[in-house]
Amino acid sequence: MSNTIISLKDIVVEFDGQRVLEGLNLDIHDKEFVTFLGPSGCGKTTTLRIIGGFVDPKEGDVFFEGRRINDLPPHKRHVNTVFQRYALFPHLDVFENIAFGLRIQKKPESEVKERVSEMLALVNLKGYEKRNVNLLSGGQQQRVAIARALVNHPRVLLLDEPLGALDLKLRKEMQIELKRIQKSTGITFIYVTHDQEEALTMSDTVVVMNDGDIQQIGTPEDIYNEPKNAFVADFIGESNIIDGIMLRDCFVEFAGAQFDCVDKGFAPNEPVDVVVRPEDVKVVPEEQGQLTGMVESVTFKGVHFEMSVTVYGQEWLIHSTQSQEVGSVIGMQLYPEDIHIMKKMEESL
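Residue numbers (the numbering used here): 109 to 457.
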């Protein structure tokens, strides 16, 4: 594993007596693209702002390469931030917007030119030096903001929902672009989003957060294929979450049937949450199914049909390349590795 660049230890944050972060612990490794993912109000932007020095934790410590930096102001940290509102200087052209940080440091003109030119190439804006930033598209303004943040060669770049204002097509283009920029600079990117697809597309590591706590940390593949609990399973992509009973290791009962599975370590007859992804259900003729269900609705989604199916009194979502008649009864097959067993989540009061 690469070296730890930032460590958050037992971080507690309160706003107006309300706890936003509950003793958060997190290590971030050098040269990684890390994404904080979670619903609004889960604490992801607050965590980002603690790293940037814009929020002081009530308790806990922030370490940068092993050195405690709680008392270091933002401008003294080796960190730069790109906000959702790009905060470009309207009276300066593209070149001077990017050069701003270097001018403050009183760098020689030759170095300013060289570094700004390097950044323009990196963000694909060569030839735009003299453009008025107000006349640029949202995507171009975004690139200027990124270039301005990177020109000082920070060790870490913080990005707070920076693609939020862009349309879908541009967002997708910029996701690929940001990943390319991160790889080519080798700078640690810490990215905040509530968009699951964005997190899965760009990240080396995803930190899933809810209610001021980290729910799971892992690669996009881990988070999607092996969610730690029902919240993660439901938040990352779509899932069917069904009540089940773990009869013994690798054997579970749900929806009126019993199945082999690959999970173990539960007590005999322990109540569990069973998670099945819509794309993992195999649709077969009724008589061949381990389960049967009635098709309630069918929606064409381009690459597949999305079906709502009532199974044993509960609605399931199924993705299939074959459409089925509404009102028909279908068979459903599940392989052991398609069945994910979770500890029951504590019900929030």
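Glycine included, C-beta positions come from ideal geometry on N, C-alpha and C.
Practice task
For Glu395, collect the residues of the same chain with a Cβ closer than 7 Å to its Cβ; drop the 5 residues on either side in sequence, then sort them by chain order.
Solution key: As a working note, residue 395 is residue 287 in the sequence shown. Cβ within range, chain order: Gly439.
Problem - Sequence ranges, alpha helix (DSSP H) only - wholly within the segment 416 to 454, length at least 4 - result: none
Exercise for the section: Work out the CA separation of Asn337 and Thr153 for me, nearest whole Å. Expected result: Position 45 of the sequence shown, counted from the first residue, corresponds to residue 153. Position 229 of the sequence shown, counted from the first residue, corresponds to residue 337. Rounded to whole angstroms, Thr153 to Asn337 spans 23 Å at the Cα level.
Problem - C-beta contact flag for Phe162 and Ile114 at 8 Å - result: Counting from one through the sequence shown, the residue named residue 162 turns up at place 54. Counting from one through the sequence shown, the residue named residue 114 turns up at place 6. It is not a contact, given that the beta carbons lie outside the stated cut-off.
Problem - Chain-order list of residues whose beta-carbon lies under 6 Å from that of Arg251 (same chain, five-residue window excluded) - result: Your numbering for residue 251 matches position 143 in the sequence shown. Val231, Leu233, listed in sequence order.
Practice task
Please confirm if Gly439 has its CB atom under 8 Å from at least one CB of chain D.
Solution key: Among the chains in the structure shown there is no chain D, since it carries only a single protein chain.
Handout entry: C-beta atoms of Gly160 and Pro182 nearer than 8 Å
Key = Here residue 160 refers to the residue found at position 52 of the sequence shown. Here residue 182 refers to the residue found at position 74 of the sequence shown. Taking 8 Å as the Cβ cut-off, Gly160 and Pro182 qualify as a contacting pair.
Practice task
State the start and end residues of the unbroken alpha helix (DSSP H) segment that holds Thr296.
Solution key: By one-based count along the sequence shown, residue 296 stands at place 188. From DSSP, Thr296 is part of no alpha helix (DSSP H) but of the beta strand (DSSP E) over 296 to 301.
Practice task
Count the other CB atoms, across all protein chains shown, that sit within 10 Å of the CB of Asp169; report buried if there are 16 or more and exposed otherwise.
Solution key: Against the sequence shown, residue 169 aligns to sequence position 61. So Asp169 ends up on the exposed side.
Problem - Backbone secondary structure at His412 - three-state DSSP - result: In the sequence shown, counting from the first residue as 1, residue 412 sits at position 304. Coil.
Handout entry: Residue span of the beta strand (DSSP E) that contains Leu145, given as start and end
Key = Here residue 145 is taken as the residue at index 37 of the sequence shown, counted from 1. From DSSP, the beta strand (DSSP E) with Leu145 extends over 141 to 145.
Exercise for the section: Give me the Cα-Cα distance between Pro386 and Ile158, rounded to the nearest whole angstrom. Expected result: In the sequence shown, counting from the first residue as 1, residue 386 sits at position 278. In the sequence shown, counting from the first residue as 1, residue 158 sits at position 50. Cα to Cα, the separation comes out at about 38 Å.
Handout entry: Leu457 to Lys451 span [Cα, whole Å]
Key = The residue you call residue 457 lines up with position 349 of the sequence shown. The residue you call residue 451 lines up with position 343 of the sequence shown. Low confidence applies here, because Leu457 scores a pLDDT of 31, under 50, leaving its location unreliable and the question unanswered by this model.
Problem - At least three beta-carbon pairs within less than 8 Å, the segment 236 to 249 to the segment 215 to 222 - result: The segment 236 to 249 vs the segment 215 to 222: no contact.
Handout entry: Inter-stretch contact (C-beta, 8 Å, three-pair minimum) for the segment 173 to 190 and the segment 341 to 354
Key = no
Problem - CB of Leu258 within 8 Å of CB of Thr293, strictly - result: Start at 1 with the first residue of the sequence shown, and residue 258 comes out as number 150. Start at 1 with the first residue of the sequence shown, and residue 293 comes out as number 185. Taking 8 Å as the Cβ cut-off, Leu258 and Thr293 qualify as a contacting pair.
Exercise for the section: Would you mind reading off the limits of the beta strand (DSSP E) that contains Arg356? Expected result: Here residue 356 is taken as the residue at index 248 of the sequence shown, counted from 1. DSSP places Arg356 in the uninterrupted beta strand (DSSP E) bounded by 348 to 356.
Exercise for the section: Kindly list the residues whose CB is nearer than 8 Å to the CB of Glu281, restricted to its own chain and excluding five residues on each side of it in sequence; keep chain order. Expected result: Residue numbering aside, residue 281 sits at position 173 when the sequence shown is read from its first letter. Answer for Glu281: Gly247, listed in chain order.
Handout entry: Helix, strand or coil at Gln366 according to DSSP, with G and I counted as helix
Key = Position 258 of the sequence shown holds residue 366. Looking at Gln366 - three-state DSSP - the assignment turns out to be strand.
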